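Participant: Sequence order for the protein chains is Z and Y. For the first sequence, the numbering used here assigns the number 201 to the last residue and increments by one with no breaks. For the second sequence, the numbering used here assigns the number 1201 to the last residue and increments by one with no breaks. Idealized CB from N, CA, C, for every residue including glycine. None of these values were measured; they are calculated from a predicted model.
Protein chains: 2
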Amino acid sequence: MSSPVTHIVDDDPAVRDALQWLLKSRGVQSQTWASAEEFLSADSRELCGCLLLDVRMPGMSGIELFDRLRGIGCHLPVIFLTGHGDVPMAVQALKDGAFDFIEKPYDDNALVDKVLAAIGHDAKRCAHANAIRALRQKLEQLTQREQEVMQMILAGKLNKVIADDLGIAMRTVEVHRSHIFEKMQVRSAVELSQLLSTLGG
Amino acid sequence: MSSPVTHIVDDDPAVRDALQWLLKSRGVQSQTWASAEEFLSADSRELCGCLLLDVRMPGMSGIELFDRLRGIGCHLPVIFLTGHGDVPMAVQALKDGAFDFIEKPYDDNALVDKVLAAIGHDAKRCAHANAIRALRQKLEQLTQREQEVMQMILAGKLNKVIADDLGIAMRTVEVHRSHIFEKMQVRSAVELSQLLSTLGG
DNA sequence: GGCACGTTTGCGGAAATCCACAATAGGCAG
DNA sequence: CTGCCTATTGTGGATTTCCGCAAACGTGCC
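#1: Verify the CB distance criterion: does residue 187 of chain Z have a CB-CB separation below 9 Å to chain Y?
#2: Per the DSSP calculation, residue 1008 of chain Y is bridged to which residue(s)?
#3: Where do the ends of the beta strand (DSSP E) carrying residue 1082 of chain Y lie?
#4: With residue 154 of chain Z and residue 94 of chain Z assumed to form a contact (beta carbons below 8 Å), what rounded beta-carbon distance in angstroms separates them?
#5: Kindly indicate which residue of Y:1124, Y:1151 and Y:1199 has the alpha-carbon position closest to the one of residue 1136 of chain Y.
#6: CB residue 1053 of chain Y to CB residue 1062 of chain Y, shorter than 9 Å?
#7: Can you pull the chain Z neighbours of residue 1181 of chain Y, defined as C-beta to C-beta under 7 Å?
#8: Quick one: does residue 246 of chain Z have its CB under 9 Å from some CB of chain Y?
#9: Count the CB pairs spanning the region 1019-1027 of chain Y and the region 1085-1094 of chain Y that are closer than 8 Å, and state whether there are at least three.
#10: Strictly below 7 Å CB to CB, what residues from chain Y border residue 27 of chain Z?
#11: Assuming residue 1101 of chain Y is part of the alpha helix (DSSP H), what are its boundary residues?
#12: Starting from residue 1175 of chain Y, find everything on chain Z with Cβ-Cβ shorter than 9 Å and list it in chain order.
#13: Cβ of residue 46 of chain Z within 9 Å of Cβ of residue 3 of chain Z?
#14: Tell me, please, whether the CB atom of residue 156 of chain Z is closer than 9 Å to any CB atom in chain Y?
#15: Please state if the CB of residue 97 of chain Z and the CB of residue 78 of chain Z are separated by a distance shorter than 9 Å.
#16: I think residue 156 of chain Z touches residue 1188 of chain Y, with their Cβ atoms under 8 Å apart; what is that distance to the nearest whole Å?
#17: If you reduce the DSSP assignment to three classes, tell me which class residue 186 of chain Z lands in.
#18: Please state if the CB of residue 106 of chain Z and the CB of residue 139 of chain Z are separated by a distance shorter than 9 Å.
#19: Name the two residues that bound the continuous alpha helix (DSSP H) containing residue 169 of chain Z.
#20: Between Z:180, Z:148, Z:195 and Z:40, which has its C-alpha nearest residue 131 of chain Z's C-alpha?
#21: State yes or no: is the C-beta of residue 1072 of chain Y within less than 9 Å of the C-beta of residue 1035 of chain Y?
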C-alpha cells in the first residue's frame, strides 16, 4: 500500500506553495495540481491520503471536480477550501460526502488537524478497499460453475439439494465445494459466509 | 411500528405554528415542543420520523440538545434551522451526524422536501433498528452456555473441538447446537452466521 | 496429436452431523 | 415437596460431509 499523500488543487501558486510548505513542516507529504482538469487526468482511484480542494477555480470548480471524482470511483476524502463560502454550499458538499469544509483565512493548526484526520480516515478506507480487492481476486479464481455452487452453499442448501437443483451428481457438488474452499482459503461454509459478509458491510 | 412524526423544537410559538401548519398542509404529522429541555424529557429513543431543531434558543441550544440526544441513544435525523448560521457551525453539525442545516428564511417547498427525505431516511433506520431488536431478543433467549457454544460455532470450530475446549461431551455440544438453531430459528450454521452478520453491518 | 483445465461421475471409507429415546443432577419458584 | 429449566451424558442409527483414487468427456491452446 502506498503512503498517504495530500493532494492540493488550487489555481493560485502562492496558495499551493503555502499549503505544501505548511504540511511539509508537519511531516505531511503533499502534491500540488494547478487545476481540477489536471488532477482529473491522474489515476485518482489508486491514491491514498486526502484532497485539499479550492472551491472557486477558473474552469472546472472544486465542487464539480468532487462530483466527477465520485463518479469515476475515487473516494478520497475531500476537504474544501473557500474564501467566501455560504452555508448551503457547505451543507450540500458535506451531504454529498465531503470530509470537511474550511473557510479562508484558515487556522494553520486547525487545517493540519483536519488533514491528519482525513488521512487517518482514508487509511481505514484504503485498508477496507484492499480487503475487498483481495476478496474479489479470490472470487475471480472461481469458475462459473463453482460460483453457482457457492451461492447455493451460502443459501444454506445441502449438497444433495444442490445436486438435484443443478441436475448433477452429489459427488460433483462435493468436488466443487472442495475447490471453492481451497480457492477461497476457508475451511468451512461458516468461514466462507463470514468472509463474503465483509463485502456487503 | 409507529407512524413517522416530525418533532418541532422552537422557542417561538409563531415559528412552531407556522412549521406545523406547513407540514400539515403537506400531510406530514408533527408535534411541537417549546424547548430543548421539554423534548429531552420525552422518550425520544422510541420515536420515528425526524426532528426540526432551532439552533438558537433560550436555555439549552439546539446544538446541545442534539449532542445530548445522541448521547442517550436517540438517532432521529435532525434538521437544524437557524437565522444566522455560520459555515463552521453547519459543518460541525453535519459532521456530527445532523441530517441537514437550513438557514432562515427558508423556502417552504425546500424545507418540506428535506423533511420528507429525513422521514424516508428514518424509515430505513427504524426498520433496521427493529431487525436488530428482534435479533437481540432471540439472542437473549439463549442461555449463557448456549451463547458460548454459539460463539465457537461461529468461529468455525467442530463439535468435537468445542467439546474439548469446554471440557464436556460431544453429545452435550450437539444438544446445545440444536437448541441454538431452534431458538434462533435457523437451520444451519451458515444461516446463523448470516443472521448475526446483520448486526455488524 | 498432445496437454491443461473444467466438469462430470463412481466407489468406498473415515469423520461429522442430526436426532430420538433415555437418564442424572442442581437451582429455583410456587 | 414438586415441577420447570438448565446442563450434562449415553446409545444407536440415519444422514451428510469430506476425501483419495480413478476415469471419462469436451474445449481450447501449442
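Facilitator: The short version:
#1: For the purposes of this step, residue 187 of chain Z is taken as residue 187 along the first sequence, with counting starting at 1. Cβ-Cβ to chain Y under 9 Å: yes for residue 187 of chain Z.
#2: Residue 1008 of chain Y sits at position 8 when you count from the first residue of the second sequence. Paired residue(s): Y:1032 and Y:1052.
#3: Here residue 1082 of chain Y corresponds to residue number 82 of the second sequence, with the count starting at 1. Segment 1078-1082, the beta strand (DSSP E) holding residue 1082 of chain Y.
#4: Numbered from 1 along the first sequence, position 154 holds the residue referred to as residue 154 of chain Z. Numbered from 1 along the first sequence, position 94 holds the residue referred to as residue 94 of chain Z. Contact doesn't hold; Cβ gap of about 37 Å is too wide.
#5: Here residue 1136 of chain Y is taken as the residue at index 136 of the second sequence, counted from 1. Answer by Cα proximity: Y:1199.
#6: What you label residue 1053 of chain Y is simply residue 53 of the second sequence in a count that begins at 1. What you label residue 1062 of chain Y is simply residue 62 of the second sequence in a count that begins at 1. Their beta carbons are under 9 Å apart, which means residue 1053 of chain Y touches residue 1062 of chain Y by this criterion.
#7: Within the second sequence, the letter at position 181 stands for residue 1181 of chain Y. Ordered by position in chain Z, no residue passes the 7 Å Cβ test against residue 1181 of chain Y, which lies about 11 Å from the chain.
#8: In this structure chain Z extends from 1 to 201, so residue 246 of chain Z is not present and cannot be described.
#9: no
#10: Looking up residue 27 of chain Z in the first sequence gives position 27. Chain Y residues near residue 27 of chain Z: none, gap ~25 Å exceeds 7 Å.
#11: Position 101 of the second sequence, counted from the first residue, corresponds to residue 1101 of chain Y. That residue, residue 1101 of chain Y, is in no alpha helix (DSSP H); its beta strand (DSSP E) goes 1100-1103.
#12: Taking the first residue of the second sequence as position 1, residue 1175 of chain Y is located at position 175. Within 9 Å Cβ-Cβ: nothing; residue 1175 of chain Y doesn't reach chain Z, min ~19 Å.
#13: Start at 1 with the first residue of the first sequence, and residue 46 of chain Z comes out as number 46. Start at 1 with the first residue of the first sequence, and residue 3 of chain Z comes out as number 3. No, the pair does not count as a contact, with Cβ atoms beyond the cut-off.
#14: Position 156 of the first sequence, counted from the first residue, corresponds to residue 156 of chain Z. Taking Cβ atoms only, chain Y reaches closer than 9 Å to residue 156 of chain Z, which makes this a yes.
#15: The residue you call residue 78 of chain Z lines up with position 78 of the first sequence. The residue you call residue 97 of chain Z lines up with position 97 of the first sequence. Cβ atoms of residue 78 of chain Z and residue 97 of chain Z: closer than 9 Å.
#16: In the first sequence, residue 156 of chain Z corresponds to position 156, counting from 1. In the second sequence, residue 1188 of chain Y corresponds to position 188, counting from 1. The pair is a contact, with the Cβ atoms about 5 Å apart (cut-off 8 Å).
#17: The sequence position of residue 186 of chain Z within the first sequence is 186, counting from 1. It is coil, neither helix nor strand.
#18: Walking along the first sequence from the start, residue 139 of chain Z turns up at place 139. Walking along the first sequence from the start, residue 106 of chain Z turns up at place 106. Not closer than 9 Å, so no.
#19: For the purposes of this step, residue 169 of chain Z is taken as the residue at position 169 of the first sequence. No alpha helix (DSSP H) contains residue 169 of chain Z, which DSSP labels as neither H nor E.
#20: Numbered from its first residue, the first sequence carries residue 131 of chain Z at position 131. Closest option to residue 131 of chain Z, Cα to Cα, is Z:195.
#21: As a working note, residue 1072 of chain Y is residue 72 in the second sequence. As a working note, residue 1035 of chain Y is residue 35 in the second sequence. Going by C-beta atoms, residue 1072 of chain Y is not nearer than 9 Å to residue 1035 of chain Y.
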